[in-house]
Amino acid sequence: MQLTRFDRWLREKFVYETHIQTLRPPETVPAGIREVDVPDVPGKRYKHLFVASSSRLADELISNLKENSQMYTTQVVDRDVWYVPFIAPKDKSVTWWLFSVVVITTCVFFGLLYVKGLAEDPEFRQNFMEALQLLKK
Numbered sequence: 007m008q009l010t011r012f013d014r015w016l017r018e019k020f021v022y023e024t025h026i027q028t029l030r031p032p033e034t035v036p037a038g039i040r041e042v043d044v045p046d047v048p049g050k051r052y053k054h055l056f057v058a059s060s061s062r063l064a065d066e067l068i069s070n071l072k073e074n075s076q077m078y079t080t081q082v083v084d085r086d087v088w089y090v091p092f093i094a095p096k097d098k099s100v101t102w103w104l105f106s107v108v109v110i111t112t113c114v115f116f117g118l119l120y121v122k123g124l125a126e127d128p129e130f131r132q133n134f135m136e137a138l139q140l141l142k143k
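Mapping to my numbering: the sequence shown position 51 is 57, numbers consecutive.
Pasting the structure below:
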């Protein structure tokens with residue numbers, strides 16, 4: 007299903023995080039970016055991993071790395087938190103799901119009001135009981 011602007015904003019704000027890997031640590035790391043310890047594995051090219059929770063912070067660190075002519079690679083991944091499947095289900099739009107729930111709930115509510123009104127109408131009840139009596143014969 008096609009994602010709406012709201013879906014894309016939700017994913018960018020609450021789901022995606024940017025992993026930036028570098029050969030050597032940068033001179034300055036902007037506040038809000040955390041460094042993750044990477045195990046020293048032979049043959050692994052990048053030795054340092056920085057995780058930025060927003061694209062603004064990632065852009066700030068990347069521009070800093072470019073100024074210092076450092077090699078880096080980036081990867082945008084989903085955060086590993088409990089709410090990600092609820093606000094960013096795979097191949098589904100949260101907006102359309104919420105819209106469908108609201109429309110169905112509204113229809114059920116007004117349908118129940120209509121049935122309640124019919125049940126309280128004495129003329130309808132009398133006709134309904136007569137119809138049941140005819141069906142029983």
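Heads up, the beta-carbon is just placed ideally off N, CA and C, and yes, glycines get one too.
Excluding its 5 nearest sequence neighbours in each direction, LEU71 has C-beta neighbours in its own chain below 7 Å: THR28, PRO32, TYR78, listed in chain order.
In the structure shown, ARG40 adopts extended strand secondary structure according to DSSP, grouped into three states. Under the DSSP assignment, PHE116 falls in the alpha helix (DSSP H) whose first and last residues are 100 to 126. Counting of Cβ neighbours within 10 angstroms places ALA37 among the exposed residues, the total staying below 16. Its chain contains THR24, ALA58 as the residues whose beta carbon lies nearer than 6 Å to that of ALA64, once the 5 sequence neighbours on both sides are disregarded; these appear in chain order. For LEU55, the uninterrupted beta strand (DSSP E) run begins and ends at 54 to 58, by DSSP. The distance from the Cβ of ILE39 to that of ILE68 is about 11 Å, inconsistent with a contact at the 8 Å cut-off. With a cut-off of 8 Å on Cβ pairs, the region 79 to 86 is in contact with the region 10 to 23, counting three or more such pairs. Contact check for THR101 against ASP13 passes: the beta carbons are separated by less than 8 Å. Apart from the 5 residues on each side of it in sequence, LEU118 has no Cβ closer than 7 Å to any other Cβ in its chain. In the three-state DSSP reduction, VAL82 falls in the strand class (E or B).
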